[in-house]
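Quick note: the sequence shown uses my numbering, first residue 1, plus one each step. We treat Cβ as the ideally placed atom computed from N, Cα and C, and that holds for glycine. A quick write-up on the structure given underneath.
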Amino acid sequence: MVNVNTAVQGDAHLIQVKRGKTVLIDAGYPEMAQEQLIPFLQTNQIDHLDLVFVTHAHRDHYGGIEPILQAGIKIKEVYFNLPDKKICDQEIPWGCNYEEVLQYHQMLKAHQAKVKSAYPGQAFNLGNQATLRILYAFDGINTPVGTTDINDMSLIIKLEHAQHQYLFTGDLNHTIGDYLAKNSQELAADVLDVPHHGTEGVAPNEFFAQVGAKYALVPSPQGLWCSDRSSRIRNWFQDHDTPVLVNGFSGHVRVEDYGNRLEISTEKEHDSSVCS
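Here it is as structure tokens:
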């Protein structure tokens with residue numbers, strides 16, 4: 001989990017498979033990508049991304065694509081679903097920007113990236129026993145719960161490697177989160193990317209119980225995580241003795257998977273489960 005959180009929220013999750021593919025799930029805001037994500041990629045000598053997944057059409061998840069391209073980092077293939085324009089326009093001026101999403105699609109194509117749609121059931125062989133699967137990709141209209149907002153169009157992605165599973169959830173909200181908690185048999189994971197920056201409107205506690213994660217990664221700035229808006233999520237993980245790593249406190253969070261064990265390290269030392 002690359003830290004693209006300072007005063008504002010954002011998501012960026014980098015997956016590197018030894019002798020395999022390099023994948024980015026979300027890219028944060030442009031400014032934070034410029035300050036944090038791109039230097040991280042350059043320091044680690046990453047000059048291309050084989051696959052990029054944009055979980056949904058909010059700028060704190062796709063905005064960093066532009067500075068990535070400007071930095072000369074090649075994106076080979078990107079999965080970025082166009083939102084329904086009517087639903088998107090309901091969020092003007094604070095949320096979804098349909099025209100900007102179209103511009104990003106064109107920008108990617110101009111840089112020779114293949115722009116594709118994500119749909120449930122897609123599987124990607126990343127090499128070295130690692131597989132990434134799209135579990136869910138709701139379109140906001142034809143869903144089992146009726147019309148939803150943009151957040152509930154978030155791709156739900158599972159990474160599997162050897163004995164371990166990782167669940168990436170974008171900004172999954174309560175409506176679809178509740179449906180999945182009651183109906184999905186695929187949520188179990190060792191490591192959870194906590195949805196919607198761990199704040200209000202997020203999936204219900206039953207969703208977290210179904211995942212049963214051993215570690216929770218929260219892409220959130222300090223102020224948001226320690227606010228009343230995040231109290232339910234903080235309390236749930238604390239009550240279940242689940243280690244929580246918030247990159248607003250810990251900086252970049254690295255999870256190394258050795259097949260039979262996980263090793264987790266952080267850029268900064270801080271007990272982010274305690275807000276003082």
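Rounded distance between the beta-carbons of residue j and residue i, thought under 8 Å
{"i": "G64", "j": "A118", "result": "Contact doesn't hold; Cβ gap of about 18 Å is too wide."}
{"i": "E200", "j": "R229", "result": "4 Å"}
{"i": "L262", "j": "E269", "result": "Not a contact, Cβ separation roughly 19 Å."}
{"i": "K158", "j": "D190", "result": "Not a contact, Cβ separation roughly 11 Å."}
{"i": "V8", "j": "L37", "result": "That pair is no contact at about 14 Å."}
{"i": "S220", "j": "V246", "result": "5 Å"}
{"i": "L69", "j": "L49", "result": "Not a contact, Cβ separation roughly 10 Å."}
{"i": "D60", "j": "Y98", "result": "Not quite, the Cβ-Cβ distance comes to about 16 Å (not below 8 Å), so this is no contact."}
{"i": "G121", "j": "P83", "result": "So it is not a contact: roughly 20 Å between Cβ atoms."}
{"i": "P172", "j": "H196", "result": "Per the sequence shown, residue 172 should be read as Leu rather than Pro. Indeed they touch by this definition, with Cβ atoms about 6 Å apart."}
{"i": "K85", "j": "K114", "result": "With 8 Å as the limit, K85 and K114 do not qualify as a contact, their Cβ atoms being about 23 Å apart."}
Enclosing alpha helix (DSSP H) for residue i [first to last residue]
{"i": "G248", "result": "N247 to S250"}
{"i": "K182", "result": "H174 to N183"}
{"i": "L37", "result": "Per DSSP, L37 belongs to no alpha helix (DSSP H) and is neither H nor E."}
{"i": "L108", "result": "Y98 to A110"}
{"i": "H61", "result": "R59 to Y62"}
{"i": "L51", "result": "Looking at the DSSP string, L51 is not in any alpha helix (DSSP H); the run it does join, the beta strand (DSSP E), is L51 to V54."}
{"i": "D171", "result": "Neither: D171 is in no alpha helix (DSSP H) and is coded neither H nor E."}
{"i": "D239", "result": "S231 to D239"}
Selection from the options that minimises the alpha carbon distance to residue i
{"i": "V54", "options": "G223, Y104 and H48", "result": "Y104"}
{"i": "D152", "options": "G177, E160 and L167", "result": "G177"}
{"i": "Q185", "options": "W94, F237 and V211", "result": "V211"}
{"i": "L108", "options": "Y62, F208, Y98 and G248", "result": "Y62"}
{"i": "H164", "options": "R234, A123, T131 and N81", "result": "T131"}
{"i": "A137", "options": "S154, F124, A123 and P144", "result": "S154"}
{"i": "R292", "options": "Q238, L187 and K86", "result": "Beyond the ends of the chain as shown, which are 1 and 276, falls residue 292; an answer cannot be given."}
{"i": "H56", "options": "I15, D26 and M32", "result": "D26"}
{"i": "F237", "options": "A209, I264, G248 and S227", "result": "A209"}
{"i": "F124", "options": "L41, P39, T266 and I15", "result": "I15"}
{"i": "L135", "options": "L167, M32, H240 and K182", "result": "L167"}
{"i": "I87", "options": "L41, N142, E31 and V244", "result": "N142"}
Sub-8 Å separation of residue i and residue j beta-carbons
{"i": "T290", "j": "I150", "result": "In the structure as shown, the chain begins at 1 and stops at 276. Residue 290 is therefore absent and cannot be evaluated."}
{"i": "G127", "j": "G20", "result": "yes"}
{"i": "L217", "j": "D193", "result": "yes"}
{"i": "V78", "j": "V101", "result": "no"}
{"i": "A162", "j": "Q112", "result": "no"}
{"i": "D47", "j": "K74", "result": "yes"}
{"i": "P204", "j": "H174", "result": "yes"}
{"i": "Q222", "j": "G198", "result": "no"}
Residue range of the beta strand (DSSP E) that includes residue i
{"i": "G127", "result": "A123 to G127"}
{"i": "S265", "result": "L262 to T266"}
{"i": "E77", "result": "E77 to F80"}
{"i": "D193", "result": "V191 to D193"}
{"i": "D257", "result": "V253 to D257"}
{"i": "A130", "result": "A130 to Y136"}
{"i": "Q16", "result": "H13 to Q16"}
{"i": "A216", "result": "Y215 to V218"}
{"i": "V23", "result": "T22 to I25"}
{"i": "Y315", "result": "This structure leaves residue 315 out entirely; the chain is present only between 1 and 276."}
{"i": "E206", "result": "No beta strand (DSSP E) contains E206, which is instead part of the alpha helix (DSSP H) from N205 to V211."}
{"i": "L156", "result": "The question names Leu, but residue 156 is Ile in the sequence shown. Unbroken beta strand (DSSP E) run through I156: I156 to H161."}
{"i": "V115", "result": "K114 to K116"}
Local Cβ density within 10 Å of residue i, reported as buried at 16 or more and exposed below that
{"i": "T148", "result": "buried"}
{"i": "V202", "result": "buried"}
{"i": "Q34", "result": "buried"}
{"i": "S250", "result": "buried"}
{"i": "G146", "result": "exposed"}
{"i": "L90", "result": "Before going on, a small fix: residue 90 reads as Gln here, not Leu. With fewer than 16 Cβ atoms within 10 Å of its Cβ, Q90 is classed as exposed."}
{"i": "A110", "result": "exposed"}
{"i": "P93", "result": "exposed"}
{"i": "G72", "result": "exposed"}
{"i": "C81", "result": "Per the sequence shown, residue 81 should be read as Asn rather than Cys. Buried, since its Cβ has 16 or more Cβ neighbours within 10 Å."}
{"i": "T43", "result": "exposed"}
{"i": "H58", "result": "buried"}
{"i": "P67", "result": "buried"}
Short CB-CB distance (under 8 Å) between residue i and chain C
{"i": "V145", "result": "Absent here is chain C; the protein component of the structure consists of one chain."}
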